[in-house]
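Reviewing the structure listed below.
Number of protein chains: 2
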Amino acid sequence: MTSWETSKSQRRDDIVAAARTLMRRSGDAAFSMRTLAEEAGVSIATPYNLFGSKQSILLALLSADLADYEAALANLHADEIEVLFQAVSMMTATLRADPEFYRNVMSAVSRDGGPEFRFMVSGPRYVLWKRLLREATEADLLRSDVDPDAFAITVTQQMFANVQNWAQGQLSLDEMDARMRFGLALSLSAIATRTSRDQVLARQKSAEALMQRIWRSALASRLEQGPLDDETRAVLADQLVHVENQSLKESA
Amino acid sequence: MTSWETSKSQRRDDIVAAARTLMRRSGDAAFSMRTLAEEAGVSIATPYNLFGSKQSILLALLSADLADYEAALANLHADEIEVLFQAVSMMTATLRADPEFYRNVMSAVSRDGGPEFRFMVSGPRYVLWKRLLREATEADLLRSDVDPDAFAITVTQQMFANVQNWAQGQLSLDEMDARMRFGLALSLSAIATRTSRDQVLARQKSAEALMQRIWRSALASRLEQGPLDDETRAVLADQLVHVENQSLKESA
DNA sequence: TGATACTTTATAACCCGTTTTAATCCATGA
DNA sequence: TCATGGATTAAAACGGGTTATAAAGTATCA
Numbered sequence: 015m016t017s018w019e020t021s022k023s024q025r026r027d028d029i030v031a032a033a034r035t036l037m038r039r040s041g042d043a044a045f046s047m048r049t050l051a052e053e054a055g056v057s058i059a060t061p062y063n064l065f066g067s068k069q070s071i072l073l074a075l076l077s078a079d080l081a082d083y084e085a086a087l088a089n090l091h092a093d094e095i096e097v098l099f100q101a102v103s104m105m106t107a108t109l110r111a112d113p114e115f116y117r118n119v120m121s122a123v124s125r126d127g128g129p130e131f132r133f134m135v136s137g138p139r140y141v142l143w144k145r146l147l148r149e150a151t152e153a154d155l156l157r158s159d160v161d162p163d164a165f166a167i168t169v170t171q172q173m174f175a176n177v178q179n180w181a182q183g184q185l186s187l188d189e190m191d192a193r194m195r196f197g198l199a200l201s202l203s204a205i206a207t208r209t210s211r212d213q214v215l216a217r218q219k220s221a222e223a224l225m226q227r228i229w230r231s232a233l234a235s236r237l238e239q240g241p242l243d244d245e246t247r248a249v250l251a252d253q254l255v256h257v258e259n260q261s262l263k264e265s266a
Numbered sequence: 015m016t017s018w019e020t021s022k023s024q025r026r027d028d029i030v031a032a033a034r035t036l037m038r039r040s041g042d043a044a045f046s047m048r049t050l051a052e053e054a055g056v057s058i059a060t061p062y063n064l065f066g067s068k069q070s071i072l073l074a075l076l077s078a079d080l081a082d083y084e085a086a087l088a089n090l091h092a093d094e095i096e097v098l099f100q101a102v103s104m105m106t107a108t109l110r111a112d113p114e115f116y117r118n119v120m121s122a123v124s125r126d127g128g129p130e131f132r133f134m135v136s137g138p139r140y141v142l143w144k145r146l147l148r149e150a151t152e153a154d155l156l157r158s159d160v161d162p163d164a165f166a167i168t169v170t171q172q173m174f175a176n177v178q179n180w181a182q183g184q185l186s187l188d189e190m191d192a193r194m195r196f197g198l199a200l201s202l203s204a205i206a207t208r209t210s211r212d213q214v215l216a217r218q219k220s221a222e223a224l225m226q227r228i229w230r231s232a233l234a235s236r237l238e239q240g241p242l243d244d245e246t247r248a249v250l251a252d253q254l255v256h257v258e259n260q261s262l263k264e265s266a
């Protein structure tokens with residue numbers, strides 16, 4: 015590596031570090047390319063020379079963490095069905111470790127998020143889930159009479175949609191976790207074998223109970239803020255989905 | 015309605031019509047608030063006075079068509095499981111009637127798409143699906159031992175994610191349709207009753223075959239463009255998901 | 001050391017969505 | 001007919017992402 019290249023990669027690192035700082039400090043509101051350049055001690059043109067665009071910079075932030083996530087996932091020791099649910103747990107744990115940061119990065123990236131975003135974030139995850147599901151099938155815990163690609167796509171899409179919904183403030187982290195578990199268990203229960211059926215159904219029931227508990231407590235805290243007018247009550251009754259969303263908006 | 019109010023609603027209509035024209039003419043690239051104002055023969059400030067923001071205008075475009083969709087859905091006569099799949103067909107048909115328009119509007123709206131978007135587009139659809147699923151349950155075509163809210167959320171989320179993926183250019187309309195059918199059938203098969211099990215499984219198999227056919231033809235057309243280098247081949251092998259996406263990008 | 005080649009810099013510009021300001025229009029009611 | 005008052009207008013401005021330009025800087029090689 016020539017000295018030019020080191021100073022270039024140094025600058026890249028500076029910019030990514032500055033982006034992290036800004037994102038963590040006060041969200042994507044404070045994250046303009048001009049403030050980023052200032053924070054990194056660099057001119058406004060440099061980030062464009064080195065990264066090309068704002069979303070590339072944000073993608074660089076995500077990529078590092080996602081690599082950590084996958085590495086940790088490789089070290090799990092459990093039966094092949096449990097690993098699937100642990101993958102969910104780890105995703106939630108990753109997000110919970112620094113929620114504002116991830117929320118800001120993910121929603122910022124997916125706002126502009128062209129195909130690049132999908133390709134870099136969703137793509138690798140699809141490969142990962144496909145592998146996990148194949149391993150479960152090989153262990154005779156999932157039936158093999160359903161197209162593995164189709165199944166993996168469905169599952170991955172569900173996970174991804176949930177994370178995105180969380181990032182956009184439509185779900186609490188807890189509800190995201192519960193939805194992912196429920197959706198996963200539901201899908202799995204459609205192709206579970208005799209060996210794994212009970213295990214999967216138990217997972218499904220527990221995720222279901224978790225969701226119900228979350229809804230009840232969201233509703234309760236909504237009631238504490240004051241009585242419901244009729245319109246709000248109707249919305250809540252029909253659209254429990256939005257309970258979290260609304261309390262989130264009001265607290266913002 | 016006073017004469018002021020008629021001229022106001024006239025202006026609203028002009029603006030929405032101009033937005034339709036611009037969207038259909040050349041996509042969201044041509045859709046700036048300044049060109050919109052010009053097209054509508056109105057000052058830049060007026061759209062803000064009447065609608066408040068760009069996304070409100072786009073939402074107004076979507077809302078009318080979604081209302082049509084739901085109205086048409088109310089007139090279906092089929093057994094309660096078939097209606098679910100017909101709802102998918104009708105969604106696809108709606109989008110196919112004017113793909114560029116819907117793609118542009120949806121991706122533009124969901125790009126800026128704050129919670130408003132979700133609330134107005136996804137919310138009513140959730141209510142709709144929940145009703146359809148309840149009717150199927152009451153007809154003893156779905157088991158009732160799974161929380162209907164949780165189930166409806168999962169299904170709606172899947173449908174919505176698929177439409178969004180299509181709007182963002184990651185899926186062909188055909189693949190979106192196939193994915194929706196497959197995901198729906200898979201979820202239903204987890205809670206199908208003895209009466210409906212065969213029907214649902216047949217749907218699942220046919221959607222699966224549909225997806226495979228789409229992948230094969232996408233791969234074939236990709237091969238016609240020239241031989242695959244190793245890297246591309248690896249991506250395609252592991253990530254069939256992106257076949258459509260890539261050919262879409264290249265043809266753009 | 002000095003010339004070369006490449007990068008970064010400063011700066012201005014462009015278009016975007018949005019907001020603000022004061023001026024202007026014009027239907028309404030006296 | 002004319003004053004009133006709300007709606008629309010023109011125009012400028014703000015901060016945003018991004019790009020273009022020429023000047024300044026700096027590592028490499030002769």
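For the protein sequence lines, the chains are E and U, in the order given. Each residue of the first sequence is one higher than the one before, starting from 15 at the first, in my numbering. Each residue of the second sequence is one higher than the one before, starting from 15 at the first, in my numbering. Don't be surprised by glycine CBs; every beta carbon is placed ideally from N, CA and C.
For ASP163(U), the uninterrupted alpha helix (DSSP H) run begins and ends at 162-181, by DSSP.
Around the beta carbon of PRO113(E), a 10 Å sphere encloses fewer than 16 other beta carbons of the protein chains shown; the residue is thus reported as exposed. In this structure, DSSP gives LEU156(U) an extended state, which the three-state scheme calls strand. In terms of beta-carbon proximity, GLU222(U) lines the interface with chain E, with at least one pair separated by less than 8 Å. Scanning chain E for C-beta atoms nearer than 9 Å to the C-beta of VAL119(U) yields nothing, as the closest lies near 16 Å away. A Cβ-Cβ separation of about 5 Å places SER210(U) in contact with ILE95(U) under the 8 Å criterion. For GLN100(U), the enclosing alpha helix (DSSP H) covers residues 94-111. If you draw a straight line from the Cα of ASP79(E) to the Cα of ARG39(E), it comes to about 18 Å. The bridge partners DSSP lists for ALA206(E) are LEU156(E).
Taking each of LEU87(E), HIS91(E), VAL177(E) in turn and checking the Cα distance to TRP143(E), the smallest one comes out for LEU87(E). When DSSP states are grouped into helix, strand and coil, PHE45(U) belongs to the coil group. Counting along the chain, ASN63(E) sits inside the alpha helix (DSSP H) bounded by residues 59-64. Cβ proximity to chain U below 7 Å picks out GLU222, MET225, GLN226 from the region 208-240 of chain E.
For ILE58(E) against MET47(E), the beta-carbon gap comes to about 6 Å, under 8 Å, which counts as contact. Proximity of ASP161(U) to chain E, defined by a Cβ-Cβ separation below 8 Å, is satisfied.
Interface criterion not met: the Cβ of GLY66(U) is under 8 Å from no Cβ in chain E. Distance from the Cα of LYS219(U) is smallest, within the candidate group LEU224(E), ARG195(E), ARG208(E), ASP159(E), for ASP159(E).
The Cβ-Cβ distance between ALA33(U) and SER121(U) does not fall below 8 Å. Here ASP93(E) has ALA153, LEU155 as same chain residues with Cβ atoms under 8 Å from its own Cβ, once five neighbours each way along the sequence are excluded.
Counting along the chain, the unbroken alpha helix (DSSP H) around MET225(U) starts and ends at 211-238.
Pairwise C-beta distances place the region 169-187 of chain U in contact with the region 157-174 of chain E, as three or more of them are shorter than 8 Å. Look at GLY197(E) here: in three-state DSSP terms it is helix. When C-beta distances to chain E are compared with 7 Å, the residues of the region 188-203 of chain U below that value are ARG193, PHE196, GLY197, LEU200, SER201, SER203, in chain order. Here THR49(U) is exposed, its C-beta having fewer than 16 other C-beta atoms within 10 Å. A distance below 7 Å between beta-carbons, with the five flanking residues on each side excluded, links LEU215(E) to the following residues of its chain, in chain order: SER203.
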